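Q:
Protein chains in written order, with the working numbering: chain A, 21 to 944; chain B, 2 to 273.
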């Protein structure tokens, strides 16, 4: 067999330098592992979330109800529709075998074959229906004691259910859970989940037989479907539906999307085709399927993937490059020898690539295996956490973790790993390829002929150790360059990730809570809202008198009650608003069109009433005129002058925006303190608008009001007023039937921390359906947005930790290389009388110098990357304010510095243990 | 006066069958101001002995007393301080710090001691080593001979009790080697600087006051070549000393300013 001598020598060299080879190997394994985590992990994670989400509602994406054959054909013609399934509610039949008198019916539905799978129909006994005369019954029927078994036959006479209002004195009967309002004398068809009521005083239930009859054989029992309501009068029964359903008038259609083809506009396609018919989207599943009405989430997943891949590649490139660079002298010597006996530049280069790919050959499967292991462990560990975050604990428990390995992802892992290796090896290979044999053997590739003067001042200031450290750093900087580079990469990674996390977190917050305007309530233990003014006032009095309550102040808001001329809002606001309309219309609207679609003559303003004490503090923070602000007679307001607007917070009927866009409004109004806002308030009593001149007592920014207002912002002007002004407005909007606009009062309650009986009583009060008040604790309420944000944060932290492993490896290897390369010099220094303490001090000085340089380099690169990230986010989402998390960055700097010093001192201690003579002789 | 005494020194490398005795029960003493050469074949234990004497290697057994101090009984830090003050080491491969210029390399032990910079002495040493023009250069920019002169300057700068030179001419051409030996001899004579030098070159060895032969880790011959001159004799005998005194302006005695190059041949001739 012909032996390639260059490769053979390279292998021998690798064997000789086991530690260095191992570091590089470990680096490549880490890189492949992380790539696997990104690609396979993403697929597995999202796949898992999809599985969990599909357990909740099913595997379908969109359901359309009561559609016609024509509509069905239109849906089928859509390019993004992958598969469709049909179903039909056949109606109710009497269920004589029922063991529960409150559930005397079966609600029979017909499914085509796909539906059984998509609707999560789980067979518990028997088999699924295969022809129209067969039926499966919900297990809930048997659990309630129904006398039924497989093989039984049910005679069906279908009917529809309705209710009629029978009590003339009851104007309307509300069924809140069925969203049904029944008026006297009216007959309304009831939904599937309607309970069974025997005739009551106020309404009567009707059965209307459709004439459709049939005989059904029970062939099995199914797990109670998620859509079956336990309070409904009917149990679910499913039969097989044949395709001839298409000839019938109306039926239900369920579809799955082709996720590769579906675009942002799918929702509008559905709206158009549905044309008034009801439809439903499986939002949770869609959110995790990479397509949902929340397209930003999908973008976020994509950006996070890109962010991680770039991060891993950068860290890996530097690790591999550093390993090559550190061994450059040594390597150039043996390659120089080969060169002197005839090896070409290309052969020398190939040695570097050979080493990389030789290691890659083993690292790739190991990294993949380890990556899959890490994913499995991480998924298993995070599973309960995910369940809790998504409020889907029971589904998470029922869904085991399965690693989803898609060949394309494995190809991506391999491709990115190979690309990283090629990039990392290319520079040193090019450098080595260019050097001649004599330079290589002599090892004097980078010799300078500069002269250096001795700095006595430095000696006086920092003694010999300081002088030596300075000389090491300035006169042979290439020796510590790899350490500097490794420290800089570590810093850049930490700083950029801190910023990236902040940016991602911010986008998720803004995206998911875009139209929220909330007051901060952390300082209070409970908030009591009033549904019924009389009960609210009564409870408020009790609370205010309770000795266990240390503070109870009242806040209130009035939304959409005030209007101001368009000129009150700033030009910045108007530009942003117009941009949003342009996005909805997918083109630039003309002035006339804009005026027609979004009149600018008057805009809404909202009011927030806060207690005098809080208002006074807010005035102090913003420099507003406190006296005016607290004056109960002359209306004045503190204006929250910052706001936001996005395609989420403003919507246009039946239109989808071109893309998501966020606008931060720096000044909602151009008016100044002392100016008067003419607020028009509609008086229902007088049936006309009344103008209330409201003086601006001051204007505040989010930063100034951060202790009181949640940062997410608002897309209308918010005016903070005192109780007196609030009452004045309240009087205007009052009518006999209630108040015009949206008004809400709340009592902010702070307790003395002891268990409070009154609070417990109020809590019990709200257990009833018609609670006059609603008491909300201060415990964290996890919403969908919070969950997504938490998952994104967990992912970011995990990846930073994993990528830090590469960086630490790089730093450790660089420091070790530095120490090994300097061991002879250390020995010489010791031989001329340098003590261990002096050596440590010298190295600490060097660490400070290296770190200062690394910080400088990292500062420049981080700033550049932060700029790019910020630019990217601004381009994609809008002018979102993304703060640099200073605390995190400072922490990162301290961490990187400590790690550098720690590793250096550890390596130094190791070097000190070595024999002086051994090291002196090393190269002599 | 005895400046160095070693008692029953032994050094063993390896264990079991692979055990090698580099030094085997070596005992001798050296008087202050004595110039001792150590000769012997390769692998005889010369360098090991020198390094043990210099405190950079540890003996397996035995003791080394320099100026009355048992150096291997000192802890690491005290030994380092002792080395910087009392021992001057000269290596075959110079072992200069590549990041320090000539001045800095020479004053290094002095600086490590935290003492105030003695500029006059530095100028004198640099001048006497013929390195005035090269004092701001890094070792990599010097020739082998120049590097060895820096190394000698470093060894002598702190007035050590003893200078140990491990084949200082081994890496140099003959002419430069002669020059280096002359510098060392001068320091020995003019400064009463105790000098122990390892060499393979019999010609150099014979210039010493005393010659030790080592074979297989044992001293096989301890031969006095010539009687040492007293200080008075030394100061009156040599022309060099007169020249040095003139060059040093009556201060601390050191080597003549420019005899190195101009007198190289003559000195060589002397040696012969």
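Beta carbons: idealized from backbone N, C-alpha and C, even for Gly.
Note that this is a predicted model, so its numbers are computed, not measured.
(1) Can you find a C-beta in chain A that's less than 8 Å from the C-beta of residue 169/B?
(2) Per DSSP, residue 571/A forms a beta bridge with which residues?
(3) Can a CB atom of chain A be found closer than 8 Å to the CB of residue 12/B?
(4) Looking only at its own chain, which residues have a Cβ that is under 6 Å from the Cβ of residue 946/A, when we skip the five neighbours before and after it?
(5) Along the region 154 to 178 of chain B, where does the CB come closer than 8 Å to a CB of chain A? Name the residues.
(6) Run through chain B and tell me which residues come within less than 7 Å of residue 492/A, C-beta to C-beta.
(7) Any contact between the region 97 to 113 of chain B and the region 152 to 172 of chain B? By contact I mean 3 or more CB pairs, one from each, below 8 Å.
(8) Any beta carbon of chain B sitting closer than 8 Å to that of residue 31/A?
(9) Hey, could you find the ends of the alpha helix (DSSP H) residue 109/A is sitting in?
(10) Compute the distance between the beta-carbons of residue 144/A and residue 242/A, then report whether it is under 8 Å.
(11) Are any of the Cβ atoms in chain B nearer than 8 Å to that of residue 845/A?
(12) Which runs of the alpha helix (DSSP H) spanning at least 4 residues fall entirely within the region 128 to 210 of chain B, listed in chain order?
(13) Among all the DSSP beta bridges, which residues are the ones paired with residue 585/A?
(14) Is it buried or exposed, residue 638/A, if we count other Cβ atoms within 10 angstroms and call 16 or more buried?
(15) If contact is defined by three or more beta carbon pairs under 8 Å, each pair taking one atom from either stretch, is the region 194 to 202 of chain B in contact with the region 23 to 41 of chain B?
(16) What is the DSSP secondary structure of residue 738/A, counted as helix, strand or coil?
(17) Could you tell me if residue 736/A is buried or exposed, where buried requires 16 or more neighbouring beta carbons within 10 angstroms of its beta carbon?
(18) I want to verify the contact list: residues of chain A whose CB lies under 9 Å from the CB of residue 131/B, in sequence order.
(19) Listing by chain order, which chain A residues have their CB less than 7 Å from the CB of residue 189/B?
(20) Label residue 520/A either buried or exposed according to how many other C-beta atoms from any shown protein chain fall within 10 Å of its C-beta, with 16 as the threshold for buried.
(21) Is there a Cβ of chain B sitting closer than 8 Å to that of residue 865/A, yes or no?
(22) Roughly how far, in whole angstroms, is the beta-carbon of residue 493/A from the beta-carbon of residue 869/A, given that I think they are within contact range, below 8 Å?
(23) Considering only the beta carbon of each residue, do residue 260/A and residue 129/A sit closer than 8 Å?
(24) From what residue to what residue does the beta strand (DSSP E) around residue 143/A run?
(25) Shorter than 8 Å from the beta carbon of residue 74/B to some beta carbon of chain A?
(26) Just to confirm my understanding: we take residue 222/A, look at its own chain, exclude 5 residues before and 5 after, and list those with CB closer than 6 Å. What are they?
(27) On the criterion of 16 or more Cβ atoms from any shown chain inside 10 Å, does residue 21/A qualify as buried, or is it exposed?
(28) Beta-carbon within less than 6 Å of residue 767/A's beta-carbon, same chain only, minus the 5 sequence neighbours each way: which residues are those?
(29) Suppose the cutoff is 8 Å on Cβ atoms and the five residues either side in sequence are ignored; what does the same chain contact list for residue 725/A look like?
(30) Any beta carbon of chain A sitting closer than 8 Å to that of residue 122/B?
(31) Can you check whether the C-beta of residue 936/A is within less than 8 Å of a C-beta belonging to chain B?
(32) Using a C-beta to C-beta distance shorter than 8 Å, which residues of chain B count as neighbours of residue 502/A?
(33) Over what stretch of residues does the alpha helix (DSSP H) that includes residue 427/A continue unbroken?
(34) How many Å lie between residue 208/A and residue 220/A at the Cα?
(35) Given a threshold of 16 other Cβ atoms within 10 Å of its Cβ, counted over all protein chains shown, does residue 484/A qualify as buried or as exposed?
(36) Give a yes or no on whether the minimum CB-CB distance between residue 472/A and chain B is below 8 Å.
A: Quick look at the numbers:
(1) Taking the second chain and counting its residues from 1, one reaches residue 169/B at position 168. No, because no Cβ of chain A sits closer than 8 Å to the Cβ of residue 169/B.
(2) Counting from 1 along the first chain, the entry for residue 571/A is found at position 551. According to DSSP, residue 571/A bridges with 770/A.
(3) The count along the second chain starts at 1 and reaches residue 12/B at position 11. Taking Cβ atoms only, chain A never reaches closer than 8 Å to residue 12/B, which makes this a no.
(4) No information on residue 946/A is available, as it lies outside the stretch 21 to 944 that chain A covers here.
(5) 155
(6) Working through the first chain from its first residue, we reach residue 492/A at position 472. Under the 7 Å cutoff, chain B gives 100.
(7) yes
(8) Reading the first chain from its first residue, position 11 is the one you call residue 31/A. So no, residue 31/A is outside the interface.
(9) As a first step, residue 109/A must be located in the first chain, where it is residue number 89. Segment 101 to 114 is the beta strand (DSSP E) holding residue 109/A; no alpha helix (DSSP H) there.
(10) As a working mapping, residue 144/A is identified with position 124 in the first chain. As a working mapping, residue 242/A is identified with position 222 in the first chain. Yes; because the gap between Cβ atoms is below 8 Å, this pair is in contact.
(11) As a position in the first chain, residue 845/A is number 825, starting the count at 1. Yes, residue 845/A counts as interfacial toward chain B.
(12) 145 to 158, 175 to 192 and 203 to 206
(13) Residue numbering aside, residue 585/A sits at position 565 when the first chain is read from its first letter. Per DSSP, 622/A.
(14) Counting from one through the first chain, the residue named residue 638/A turns up at place 618. It counts as buried.
(15) yes
(16) Here residue 738/A corresponds to residue number 718 of the first chain, with the count starting at 1. Looking at residue 738/A - three-state DSSP - the assignment turns out to be strand.
(17) In the first chain, counting from the first residue as 1, residue 736/A sits at position 716. When all chains shown are included, residue 736/A counts as buried.
(18) Residue numbering aside, residue 131/B sits at position 130 when the second chain is read from its first letter. What residue 131/B touches in chain A: nothing, since even the nearest Cβ is about 17 Å away.
(19) The residue you call residue 189/B lines up with position 188 of the second chain. The contacting residues do not exist; residue 189/B stays about 20 Å from chain A at best.
(20) Taking the first residue of the first chain as 1, we reach residue 520/A at position 500. Label assigned to residue 520/A: buried.
(21) Taking the first chain and counting its residues from 1, one reaches residue 865/A at position 845. Answer no: the Cβ-Cβ gap between residue 865/A and chain B never drops below 8 Å.
(22) Sequence index remark: in the first chain, residue 493/A carries index 473 (1-based). Sequence index remark: in the first chain, residue 869/A carries index 849 (1-based). Their Cβ separation, rounded to whole angstroms, is 4 Å, which keeps residue 493/A and residue 869/A in contact under 8 Å.
(23) Reading the first chain from its first residue, position 240 is the one you call residue 260/A. Reading the first chain from its first residue, position 109 is the one you call residue 129/A. Contact flag unset, no.
(24) Indexing the first chain from 1 puts residue 143/A at position 123. Where residue 143/A is concerned, the enclosing beta strand (DSSP E) stretches over 143 to 146.
(25) Translated into positions along the second chain, residue 74/B becomes position 73. Closer than 8 Å: no.
(26) For the purposes of this step, residue 222/A is identified with residue 202 of the first chain, where counting begins at 1. Answer for residue 222/A: 187, 190 and 193, listed in chain order.
(27) Within the first chain, residue 21/A is the residue found at index 1, counting from 1. For residue 21/A, the pLDDT reaches just 43, beneath the cut-off of 50, and the residue's location in the model is therefore unreliable, although a value from the coordinates is still provided. That one is exposed.
(28) Locating residue 767/A in the first chain gives position 747, counting from the first residue. 548, 560, 572 and 574, listed in sequence order.
(29) For the purposes of this step, residue 725/A is taken as residue 705 along the first chain, with counting starting at 1. Once the five neighbours on either side are set aside, the close Cβ partners of residue 725/A are 638, 641, 642 and 660.
(30) Start at 1 with the first residue of the second chain, and residue 122/B comes out as number 121. Taking Cβ atoms only, chain A never reaches closer than 8 Å to residue 122/B, which makes this a no.
(31) Here residue 936/A is taken as the residue at index 916 of the first chain, counted from 1. Taking Cβ atoms only, chain B reaches closer than 8 Å to residue 936/A, which makes this a yes.
(32) Reading the first chain from its first residue, position 482 is the one you call residue 502/A. Those within 8 Å of residue 502/A in chain B number zero; the least Cβ separation is about 17 Å.
(33) Residue 427/A sits at position 407 when you count from the first residue of the first chain. Where residue 427/A is concerned, the enclosing alpha helix (DSSP H) stretches over 427 to 454.
(34) Taking the first chain and counting its residues from 1, one reaches residue 208/A at position 188. Taking the first chain and counting its residues from 1, one reaches residue 220/A at position 200. Computed Cα separation, rounded: 15 Å.
(35) As a working mapping, residue 484/A is identified with position 464 in the first chain. Per the 10 Å Cβ criterion, buried.
(36) Working through the first chain from its first residue, we reach residue 472/A at position 452. Yes, contact with chain B.
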